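Participant:
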Amino acid sequence: MVGRRSVGKSLDSPSRQLVFDLAKDLEAIRLHHEDLKRVYNYQAQAQEDEEDEIDRAHQEFYYAAIEKTYDYYDGHRREAEIVLQEHLREEEEKERRRQEEERRRQAEKERLERERKEREEAARKREEEARREAERIAREQEELRKKAETEAKAKKDAEEEKARREKEEAETKEQQRQAELQRAEEEEKKRQTLGGSQGVTQEEVKAQEQYLELHKYLKELRKFVLAEGKKNPTLKSTIGDYRRGITKCIGQLREGQGTVANKGQVTEIRDILRKSQDIPIPCDARRFFVNAPEIASLAEDKAQVSAVFVYLLNIFVKAVVLQLINEAGIKLEYAEPLGVVVAQIFSSEQFCFQGHAFSDVFWAKYRASCPALWGFYGDEKTAAGKQALGWKRIEAGGPFLSEGDHRQRMVGLGGGFAAVTLRNFGKTNRKNPFPNHIFWRTVARMVSIPPNELQETHFHLLYAMLRFSAERIIGFWGHAGLALLRSAIVNLPSIATNKQAGQRRKEHLKTLELADKERSSTHAEEVERLRRDLEELRAENRALKSSSKLSSPHASSLPSSVIMPSSPSPYPTSPFRSLELYDSAHDSAADDIVKSPSESQADEVYQEQHEYRTRGHRSRPTTGPDSFCALFPQDIAVVRRDLHLQLAPVLDLNIISNPQLHLSTLAAIGPSLPLALQPTLLQLQTPHHAYIDLIPSPTLRDSLIQAGFAVANSFLTEVCTFVYETEDLGQLTIWGRDYLNVMSWEFSEQVLKAWPNLLTEEWRERANFWRAQRNEPLIIFD
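Numbering (my numbering), first residue to last: 1254 to 2035.
1) For the stretch 1533-1541 against the stretch 1552-1568, do three or more pairs of beta-carbon atoms, one drawn from each stretch, fall closer than 8 Å, so that the two count as touching?
2) Between the Cα of Met1996 and those of Ala1333, Ala1943, Gln1461 and Leu1985, spot the shortest distance and give me the residue it belongs to.
3) Relative to the C-alpha of Gly1923, which residue among Ala1375, Asn1911, Leu1947 and Pro1912 is closest?
4) Under 8 Å Cβ to Cβ from Ala1901, same chain only, skipping five residues before and after it: list those, please.
5) Express the C-alpha separation of Lys1321 and Gln1300 in angstroms, rounding to a whole number.
6) By how many angstroms is the C-alpha of Lys1489 removed from the C-alpha of Ser1967?
7) Count the CB pairs spanning the stretch 1609-1618 and the stretch 1701-1712 that are closer than 8 Å, and state whether there are at least three.
8) Whose CA, out of Ala1411, Gly1592, Asp1278 and His1311, lies closest to the CA of Phe1670?
9) Using 8 Å for Cβ pairs, my map puts Ile1909 next to Gln1936. What's the rounded Cβ distance?
10) According to DSSP, is Gln1359 helix, strand or coil?
11) So Ser2001 is in the alpha helix (DSSP H); what residue range does that whole segment cover?
12) If you draw a straight line from the C-alpha of Ile1543 to the C-alpha of Gln1899, how long is it?
13) How is Gln1557 classed by DSSP in three states: helix, strand or coil?
14) Is it right to say Phe1687 is buried, meaning 16 or more other beta carbons lie within 10 angstroms of its own, or is it exposed?
15) Can you find at least 3 beta carbon pairs, one from the stretch 1584-1598 and one from the stretch 1674-1687, that sit closer than 8 Å?
16) Met1699 to Ala1749, Cα distance in whole Å?
17) Is the beta carbon of Ile1568 less than 8 Å from the beta carbon of Ile1499?
18) In terms of alpha-carbon separation, which member of Leu1565, Cys1605 and Val1696 lies closest to Asp1494?
19) So which of Pro1912, Ala2007, Val1964 and Leu1745 has the shortest CA-CA distance to Ala1697?
20) What are the boundary residues of the beta strand (DSSP E) that includes Thr1674?
21) Closer than 8 Å is the cut-off here; do at least three beta carbon pairs connect the stretch 1618-1638 with the stretch 1460-1479?
22) Would you mind sorting Ser1612 into buried or exposed? The rule is 16 or more other CB atoms within 10 Å of its CB.
23) Just grab the DSSP bridge partners of Phe1885 for me.
24) For Glu1457 versus Trp1627, is the C-beta distance shorter than 8 Å?
25) Between Ala2020 and Leu2005, how many whole angstroms is the CB-CB distance? I'm expecting something under 8 Å.
26) Assuming Ala1625 contacts Leu1737 under a Cβ cut-off of 8 Å, what Cβ separation, rounded to an integer in Å, is found between them?
27) Alpha carbon to alpha carbon, how far is Gly1657 from Gly1667?
28) To test your reading of the DSSP string, which unbroken alpha helix (DSSP H) runs of 4 or more residues are found completely within the stretch 1475-1519?
29) With H, G and I counted as helix, E and B as strand and the rest as coil, what does DSSP make of Asp2035?
30) Please classify Ser1804: is it buried, with 16 or more other beta-carbons within 10 angstroms of its beta-carbon, or exposed?
31) Please report the distance separating the alpha-carbon of Leu2087 from that of Arg1350.
32) Determine which residues share a DSSP beta bridge with Leu1985 and list them.
33) Within 10 angstroms of the Cβ of Thr1918, are there 16 or more other Cβ atoms? Answer buried if so, exposed if not.
34) For the alpha helix (DSSP H) that contains Asp1613, what are its first and last residues?
35) Can you tell me the Cβ-Cβ gap for Ala1581 and Ile1503, rounded? I've got them flagged as a contact below 8 Å.
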């Protein structure tokens, strides 16, 4: 009461005293709450530090156990190596002593044999000298007798020989004169047939002549089939219907995606050709293959094929070429469906002969129509030059087509050539009847023509061949394809000296450049869109984390299924432990992408309880609560870009086309390359596919070189998505950031079983290791 009265003396009323007391009580409560909050925060921090310390202890125990195991096995290995070395030394000593004894016995045997032969040789020489002396005496007597006869006969023979030589010299001179006249006639005939052959080898001229002979023979076959039809009205009607059906289907082809747009037409053409194979009018199939020794070596009775089938196949080719000229020459996009149909028909096994496609029938017509694609050209201001380039006449012996008609013809044929030779057969088991290297050689041959000899026809063809082919060229040949495009689009125009041709060339190639820019712009927009989507995902993930922090209770309520392991992972020790499996640049959104459904559910519970995963150990459970391994695949596009940058010097177009220059360039840059890419001795000594150098595995590179160019090319295009920008069907997965360490490579089951001779046991073990990390069934190999 005293205290209250004393305080009350300073207050005006009891109500103020109550307010003052209440304020003091509230302040005391606030201070108490602050103290409790600090105690709570201290306890939370202590708990978190304790958990971090436990985790570090687990990790130290885990890695110590691994190191101890490695030391244990290394000790056993070293002891085994010492024992092995001792055993090898003993065996080598035994072998040395045995060889020494063998050499001694052999030397003694040789000495005795040598002495015996010397005795026999001495006796033989004595007998031979006696025999020779007797023969000499007899020979001298016989020579004296014959000498008189020979002298008389020699005089007579000399007179007869002189007369004979004079006669032979006269006959030889006459034969030489006739041969010179015949050669002159043949050269004139070749010149009229080919029109010109500047810049091509004799082998190419010979090949062109063979295809022209085949083209001529196909015309004779057409006359033969029509003559057979006249003998049989039913056969004549059937052949006529088939011919009109093929022509109708080719005329009905339209633009569209894949084979769906023209499925009906293709099916009808297949049916017609299939039925024609059963018409029993045989002919010699060997006449329709230019470069097929195995076909040429067949007996005539085993090389029979239906003449009506070949005739209709030729009708199909003629209809395609005519449609290319009339339609694709005006609208270049129309060449694509024609190229698809040609590839489908000629690659079909049922239309092949003993595994060989009748592609030479197609090339015979194409070479006759457009020899400029194979390097034949001349000055198109002259009649011979026009004929060499394939400039068609309105009629035989008449005037040539106008420039406009000729341009339409060349554009159509050029577009069709690209549509046929740039088909991707990587997704099918069929053999490509028109290999892609034909396109490469044709473009390379054109860009190599001297600038002062370039004609407008060349630019018409290049325009048509490259207008819609850039993506395929880069997809097939990567940086080498870019170099080819640059040579044709940038370098060639800069060195051309024909002003009129240059002006038209610029118009054509400007369209190509605009198309490339459009594709690049579209690609950049797509990349920017993906980047924005990724940023949105990261922002959303951060917001989810924040809300989880605000609502999470104490960590002591963690379920046992998500507590970090208390013992090392049960995975067997392996060389993979040194790989950088986790990419620190990615965020938790990437974690969610690679989780299985059961793992995602466990992580959701875990995040609701505690933030341990995002602040401490980043691994996720894969096979159970006591084992874990973080797996993050590398971007194959990034790997492909890095490898092409590191080996850019050897991928240059001029380097690839010259094997010796390729090997010398590889040797020059070898020391500066990473260890996994440094060339082997076999690489530096053997010409090989340049893109083999991109594989960071010396043993696999050597295996591909030994397998040959064809096998290596198939493996690179079908499997190595890090070499060519082909469709990624999961052929290869690279785990972690160190793509040069092939221990992180996992080939798919389909690839391993398709290439058992190249991808041997070590690659299979790596694949099964990674599958074990994902808790997937191991691959069983035969």
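Just so it is clear, CB atoms sit at the ideal spot from N, CA and C, and this is done for glycine as well. Note that the coordinates shown come from a computational prediction; the quantities given were computed from them, not determined experimentally.
Facilitator: Well, looking at it:
1) yes
2) Leu1985
3) Leu1947
4) His1732
5) 31 Å
6) 45 Å
7) no
8) Gly1592
9) 15 Å between Cβ atoms; not a contact.
10) helix
11) Note, Ser2001: premise wrong, no alpha helix (DSSP H); not H, not E.
12) It should be pointed out that residue 1543 corresponds to Val in this sequence rather than to Ile. Spanning the two alpha carbons is a distance of roughly 42 Å.
13) strand
14) buried
15) yes
16) 12 Å
17) yes
18) Leu1565
19) Leu1745
20) No beta strand (DSSP E) holds Thr1674; the alpha helix (DSSP H) holding it covers Glu1656 to Thr1674.
21) yes
22) buried
23) Its beta-bridge partners do not exist; DSSP assigns none.
24) yes
25) 6 Å
26) Ala1625 to Leu1737, Cβ: 18 Å. No contact.
27) 15 Å
28) 1486-1505
29) coil
30) Residue placement at Ser1804 is flagged as unreliable, the pLDDT there being 46, under the threshold of 50; a coordinate-derived value is accordingly withheld.
31) The structure shown has nothing for residue 2087, since the chain only spans 1254 to 2035.
32) Phe2000
33) buried
34) Ser1612 to Ser1622
35) The pair is not a contact, with the Cβ atoms about 12 Å apart (cut-off 8 Å).
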